[in-house]
Amino acid sequence: MPWPGLMGYKRTLSDFDLSVPAQATLATLVIGKEALLERHAQHGGGPLMLKRWEGTNQLEVQVELRRRLQQQLNDLVERDQDTWKPEEPDQLIDTVIGCFEAQNSQTMHIATREDRHQAAIELLHWCANNTSKSLSMNALSAELNQSRTSLFKGARKHFACTPLELQRSIRMDRIGQLLLNPSRRRELGLNGVGAIASAVGFTSRSHFARRYQQQYGEPPQATLNRSRDATDT
Numbered sequence: 001m002p003w004p005g006l007m008g009y010k011r012t013l014s015d016f017d018l019s020v021p022a023q024a025t026l027a028t029l030v031i032g033k034e035a036l037l038e039r040h041a042q043h044g045g046g047p048l049m050l051k052r053w054e055g056t057n058q059l060e061v062q063v064e065l066r067r068r069l070q071q072q073l074n075d076l077v078e079r080d081q082d083t084w085k086p087e088e089p090d091q092l093i094d095t096v097i098g099c100f101e102a103q104n105s106q107t108m109h110i111a112t113r114e115d116r117h118q119a120a121i122e123l124l125h126w127c128a129n130n131t132s133k134s135l136s137m138n139a140l141s142a143e144l145n146q147s148r149t150s151l152f153k154g155a156r157k158h159f160a161c162t163p164l165e166l167q168r169s170i171r172m173d174r175i176g177q178l179l180l181n182p183s184r185r186r187e188l189g190l191n192g193v194g195a196i197a198s199a200v201g202f203t204s205r206s207h208f209a210r211r212y213q214q215q216y217g218e219p220p221q222a223t224l225n226r227s228r229d230a231t232d233t
């Protein structure tokens, strides 16, 4: 975004690509559509908010509104039972509405997603939902109905790795989560490193252990032992 503002609010939005600089400050606001519309109507809001809500996806926030919004967010985050004020969330919604109604604020539409970006998002979702599968590039291309080139360029652009490296990294993350979560292991009936690796699709335990050590800096058994030690104490 070229200026501090709101993003990701378009009414018909299902998902969008977001690139955030390392030092950026980002907060997520979740406000029900009905609550926002009701509050807007109560204050006799004009058509500008609805127009921007329907047709844009990035909105500049003016300096004074930005300061007020930051202060209200900080107050909500740092509140406790003794200082809680029921009117604070309503005040924040009023400020958000004020941001949308500010006449001089610039807006931007959601950009058209390039093929490689779409391919990267589909690849990420598929890998996250199919951690027990390990497919070749040709098989991934056929499964996702995306060209090998789009998958490769998209993965490089978004994740700084190849599609196969992304697939393996997500599967390793899944294993790491299981190794650290005894209740989930019991729920799935998984006992020991070998059973967990097999459940996530690794057929060679030595190959898996080597990859795991490369990614996490310790053998998988060490992770499992730490999980057991924490449970015992």
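Numbering (the working numbering), first residue to last: 1 to 233.
Glycine residues also receive a C-beta, built at the ideal position from the N, C-alpha and C atoms.
Three or more beta-carbon pairs drawn from the segment 168 to 185 and the segment 123 to 141 are found closer than 8 Å, and the two stretches are therefore classed as touching. Shown here, Gln214 sits in a helix according to DSSP, grouped into three states. With fewer than 16 other Cβ atoms from the protein chains shown falling within 10 Å of its own Cβ, Arg79 counts as exposed.
Counting along the chain, Glu122 sits inside the alpha helix (DSSP H) bounded by residues Asp115 to Asn129. For His125, the closest alpha carbon among the candidates Met108, Glu143, Asn138 and Ser136 is that of Glu143. Runs of the beta strand (DSSP E) lying entirely within the segment 133 to 157 and spanning at least 3 residues: none are present. Excluding the 5 residues flanking it on each side, Val193 has same chain C-beta neighbours closer than 8 Å at Leu179, Arg205, Ala209, Pro220, Gln221 and Leu224, in chain order. According to the DSSP assignment, Gly176 belongs to the alpha helix (DSSP H) that extends over Pro163 to Leu179.
Where Glu34 is concerned, the enclosing alpha helix (DSSP H) starts and stops at Lys33 to Gln42. Distance from the Cα of Leu92 is smallest, within the candidate group Arg116, Ala197, Gln72 and Cys99, for Gln72. Closest option to Trp3, judged by alpha-carbon separation, among Arg66, Thr162, Val77 and Ala160: Arg66.
DSSP lists no bridge partner for Thr12. If you draw a 10 Å sphere on the C-beta of His40, you find 16 or more other C-beta atoms in it, and that means buried. With at least 16 other beta carbons inside 10 angstroms of its own, Ser141 counts as buried.
7 Å or more divides the Cβ of Leu48 from the Cβ of Gly5. Using a 10 angstroms sphere on the CB of Cys99, the tally of other CB atoms reaches 16 or more, which defines it as buried. In terms of CA proximity to Glu54, Met7 leads the group Leu164, Met7, Thr149 and Leu151.
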